[in-house]
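One structure is given below, encoded as structure tokens.
There are 2 protein chains.
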Amino acid sequence: MRASVLRLVENEPASLHEDLVNQLRDFIVEDHLAPGIRVPERELCERFNVSRTPLREALKVLAAEGLIELLPNRGARVRQFSEADIRNLFEVISGLDFVAGRFACSRITDEAIAEIEKMHLEMYAHYLRHELADYFRLNQRIHQAIVDAAGNPVLSANYANLNSVVRRLRYSANLVGRDRLGDAMREHEQIVDALRRKAGDELGMLMFEHMQRKCDAVCEYLRGQANP
Amino acid sequence: MRASVLRLVENEPASLHEDLVNQLRDFIVEDHLAPGIRVPERELCERFNVSRTPLREALKVLAAEGLIELLPNRGARVRQFSEADIRNLFEVISGLDFVAGRFACSRITDEAIAEIEKMHLEMYAHYLRHELADYFRLNQRIHQAIVDAAGNPVLSANYANLNSVVRRLRYSANLVGRDRLGDAMREHEQIVDALRRKAGDELGMLMFEHMQRKCDAVCEYLRGQANP
DNA sequence: CCGCAACTGAATGTATCCAAAACATTGCGC
DNA sequence: GCGCAATGTTTTGGATACATTCAGTTGCGG
Numbered sequence: 025m026r027a028s029v030l031r032l033v034e035n036e037p038a039s040l041h042e043d044l045v046n047q048l049r050d051f052i053v054e055d056h057l058a059p060g061i062r063v064p065e066r067e068l069c070e071r072f073n074v075s076r077t078p079l080r081e082a083l084k085v086l087a088a089e090g091l092i093e094l095l096p097n098r099g100a101r102v103r104q105f106s107e108a109d110i111r112n113l114f115e116v117i118s119g120l121d122f123v124a125g126r127f128a129c130s131r132i133t134d135e136a137i138a139e140i141e142k143m144h145l146e147m148y149a150h151y152l153r154h155e156l157a158d159y160f161r162l163n164q165r166i167h168q169a170i171v172d173a174a175g176n177p178v179l180s181a182n183y184a185n186l187n188s189v190v191r192r193l194r195y196s197a198n199l200v201g202r203d204r205l206g207d208a209m210r211e212h213e214q215i216v217d218a219l220r221r222k223a224g225d226e227l228g229m230l231m232f233e234h235m236q237r238k239c240d241a242v243c244e245y246l247r248g249q250a251n252p
Numbered sequence: 025m026r027a028s029v030l031r032l033v034e035n036e037p038a039s040l041h042e043d044l045v046n047q048l049r050d051f052i053v054e055d056h057l058a059p060g061i062r063v064p065e066r067e068l069c070e071r072f073n074v075s076r077t078p079l080r081e082a083l084k085v086l087a088a089e090g091l092i093e094l095l096p097n098r099g100a101r102v103r104q105f106s107e108a109d110i111r112n113l114f115e116v117i118s119g120l121d122f123v124a125g126r127f128a129c130s131r132i133t134d135e136a137i138a139e140i141e142k143m144h145l146e147m148y149a150h151y152l153r154h155e156l157a158d159y160f161r162l163n164q165r166i167h168q169a170i171v172d173a174a175g176n177p178v179l180s181a182n183y184a185n186l187n188s189v190v191r192r193l194r195y196s197a198n199l200v201g202r203d204r205l206g207d208a209m210r211e212h213e214q215i216v217d218a219l220r221r222k223a224g225d226e227l228g229m230l231m232f233e234h235m236q237r238k239c240d241a242v243c244e245y246l247r248g249q250a251n252p
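Given below as structure tokens:
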């Protein structure tokens, strides 16, 4: 499932520590902690049934990942992201999508392509029925599948890491304006087509541009939220 | 200087913890600990004059960054990288170089371009005189300058992070074979030219391909090392 | 003489404890 | 009555102590 940014080997059963880090990350990504407020160590300790030592180690790791920030002698708080932060994140992610598309084509199996095509059709169905939650779930899974198809664990791990930060925004349910969804579907159509033809150069650029447009849409939405 | 992967704000004086992480990272990158061997906590404790608690927190963070790996109940050891690992790392880095080149063009100042041209000329001089150490130092600085010119702290931080892992390899002095240096110089020439013309699309691709070739050269060298 | 098993020693992983710093509240002075 | 300061309480950060686990060594049996 989820591994540290560069975890490659290691078949060991997840240690208590790593477990805790993952739990905490999910807990934050799923928005159980409001951004900006102070995170009391004590409370989290009893919630996860661990003592302070492993919890503090986990907080340090999540701080290094960028999900939270540590204020000296004042504990941790969930990071709050400005529009510039979001843009920066998306730029890096789009770079990873670029390499993902490029190398996925040369390494992907026919079965994986079929699987992605299947997901694509399913997503299209959800799009037609305006089932947004399912639509975005499939969208995420398709992107992750292409990234994973590149057969590069370092890439997959970094991608997942950056995405966990962005996902916290809950932009997903709100990107319906201006028929962004329709555009996105068309872009996905091209992406799947390039993948089918194993046109790596093309796919890389398509995915890069796709993420750029997604970034623009998200930022436009956020700006609308900021001053309504 | 060096910040956590996503550190953006924070003007606080570096906390003891972050200090320790940086010290330890440098200590490892500078090859004071042989890869594969166990990292003795005790020894490091007295070397850095801290107790086990902060040291262990630092180890967890570095493990998340991928520099070391933690074996359950068997302590930490410095990661050993296979050729596949190296390729994976370079692929991700080349993706970051791609976005860096693309956005650097639209955001760079004329002064920064002039600065890079200056470094480029200096590097060329070192190349002609076969001053390898200086050559590679300038090479690093030029790449970092282009990445920084993209004006994206998230990108810069991630780039630095991945590079710290690669830098541990100490391949640099050995890439002289087959006139890789000459090829690299020509590629750099094109890169600086594209930057001058602010041709973002072109620069992105140039930097991507440049890193790919560098990866091939490094891997070829490493393969030669492995079975001589 | 070799191999397996058990025991011992060392080192990790976790929890508790103590000190220091920050925030809040209360009391005193103006 | 209001403001500032000092003290107390809460919380974080660091150290130490205890339990658990792994590896190495030694002894016994085949």
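Residue numbers (this note's numbering), protein chains in the order written: chain A, 25 to 252; chain B, 25 to 252.
All residues carry an ideal CB built from backbone N, CA and C; glycine is no exception.
Round the Cβ separation of residue i and residue j to the nearest angstrom and send it over; I've been treating them as touching at under 8 Å.
{"i": "residue 58(A)", "j": "residue 85(A)", "result": "Not quite, the Cβ-Cβ distance comes to about 21 Å (not below 8 Å), so this is no contact."}
{"i": "residue 112(B)", "j": "residue 179(A)", "result": "7 Å"}
{"i": "residue 170(A)", "j": "residue 140(A)", "result": "7 Å"}
{"i": "residue 62(A)", "j": "residue 69(A)", "result": "Rounded, the Cβ-Cβ distance is 15 Å, inconsistent with contact."}
{"i": "residue 88(A)", "j": "residue 89(B)", "result": "7 Å"}
{"i": "residue 173(B)", "j": "residue 136(B)", "result": "5 Å"}
{"i": "residue 204(B)", "j": "residue 241(B)", "result": "5 Å"}
{"i": "residue 220(A)", "j": "residue 175(A)", "result": "Not really, about 18 Å apart at Cβ, beyond 8 Å."}
{"i": "residue 91(B)", "j": "residue 189(B)", "result": "6 Å"}
{"i": "residue 119(A)", "j": "residue 224(B)", "result": "No, residue 119(A) and residue 224(B) are not in contact; Cβ-Cβ is about 13 Å, not under 8 Å."}
{"i": "residue 165(A)", "j": "residue 143(A)", "result": "6 Å"}
Please report the distance separating the alpha-carbon of residue i from that of residue j.
{"i": "residue 100(A)", "j": "residue 162(B)", "result": "39 Å"}
{"i": "residue 73(A)", "j": "residue 192(A)", "result": "24 Å"}
{"i": "residue 236(A)", "j": "residue 184(B)", "result": "23 Å"}
{"i": "residue 160(A)", "j": "residue 148(A)", "result": "11 Å"}
{"i": "residue 65(A)", "j": "residue 128(A)", "result": "42 Å"}
{"i": "residue 115(A)", "j": "residue 96(B)", "result": "36 Å"}
{"i": "residue 211(B)", "j": "residue 51(B)", "result": "33 Å"}
{"i": "residue 186(A)", "j": "residue 245(B)", "result": "32 Å"}
{"i": "residue 42(A)", "j": "residue 108(B)", "result": "24 Å"}
{"i": "residue 222(B)", "j": "residue 213(B)", "result": "14 Å"}
{"i": "residue 55(A)", "j": "residue 44(A)", "result": "17 Å"}
{"i": "residue 19(B)", "j": "residue 154(A)", "result": "Beyond the ends of chain B as shown, which are 25 and 252, falls residue 19(B); an answer cannot be given."}
{"i": "residue 229(A)", "j": "residue 181(A)", "result": "21 Å"}
{"i": "residue 167(B)", "j": "residue 215(A)", "result": "31 Å"}
{"i": "residue 146(B)", "j": "residue 209(B)", "result": "12 Å"}
{"i": "residue 47(B)", "j": "residue 249(A)", "result": "42 Å"}
{"i": "residue 243(A)", "j": "residue 110(A)", "result": "8 Å"}
{"i": "residue 34(B)", "j": "residue 133(A)", "result": "Interpretation of residue 34(B) is limited by its pLDDT of 42, a score under 50 that renders its predicted location unreliable; no figure is taken from the coordinates."}
{"i": "residue 78(A)", "j": "residue 151(B)", "result": "50 Å"}
{"i": "residue 123(A)", "j": "residue 123(B)", "result": "11 Å"}
{"i": "residue 138(A)", "j": "residue 177(A)", "result": "22 Å"}
{"i": "residue 234(A)", "j": "residue 71(B)", "result": "49 Å"}
{"i": "residue 53(B)", "j": "residue 207(B)", "result": "27 Å"}
{"i": "residue 40(B)", "j": "residue 98(B)", "result": "26 Å"}
Step through the CB atoms of chain B and report whether any lies within less than 8 Å of the CB of residue i.
{"i": "residue 56(A)", "result": "no"}
{"i": "residue 88(A)", "result": "yes"}
{"i": "residue 222(A)", "result": "no"}
{"i": "residue 118(A)", "result": "yes"}
{"i": "residue 81(A)", "result": "yes"}
{"i": "residue 216(A)", "result": "no"}
{"i": "residue 41(A)", "result": "yes"}
Cβ closer than 7 Å: which chain B residues qualify as neighbours of residue i?
{"i": "residue 177(A)", "result": "112"}
Taking only beta-carbon positions, decide if residue i is within less than 8 Å of chain A.
{"i": "residue 266(B)", "result": "The structure shown has nothing for residue 266(B), since chain B only spans 25 to 252."}
{"i": "residue 160(B)", "result": "no"}
{"i": "residue 187(B)", "result": "no"}
{"i": "residue 85(B)", "result": "yes"}
At 7 Å on the CB atoms, spell out the chain A contacts of residue i, in chain order.
{"i": "residue 46(B)", "result": "Those within 7 Å of residue 46(B) in chain A number zero; the least Cβ separation is about 11 Å."}
{"i": "residue 51(B)", "result": "Simply none; closest approach about 17 Å."}
{"i": "residue 182(B)", "result": "116"}
Compute every distance between the C-beta of residue i and the non-hydrogen atoms of the ligand COA, then say whether any falls below 7 Å.
{"i": "residue 164(A)", "result": "The ligand content of the structure shown is nil, which means the ligand COA is not present either."}
If the cut is a Cβ gap below 8 Å, which residues of chain B does residue i touch?
{"i": "residue 115(A)", "result": "123, 127, 174, 176, 178 and 179"}
{"i": "residue 167(A)", "result": "By Cβ distance, chain B contributes nothing, its closest Cβ being about 14 Å from residue 167(A), past 8 Å."}
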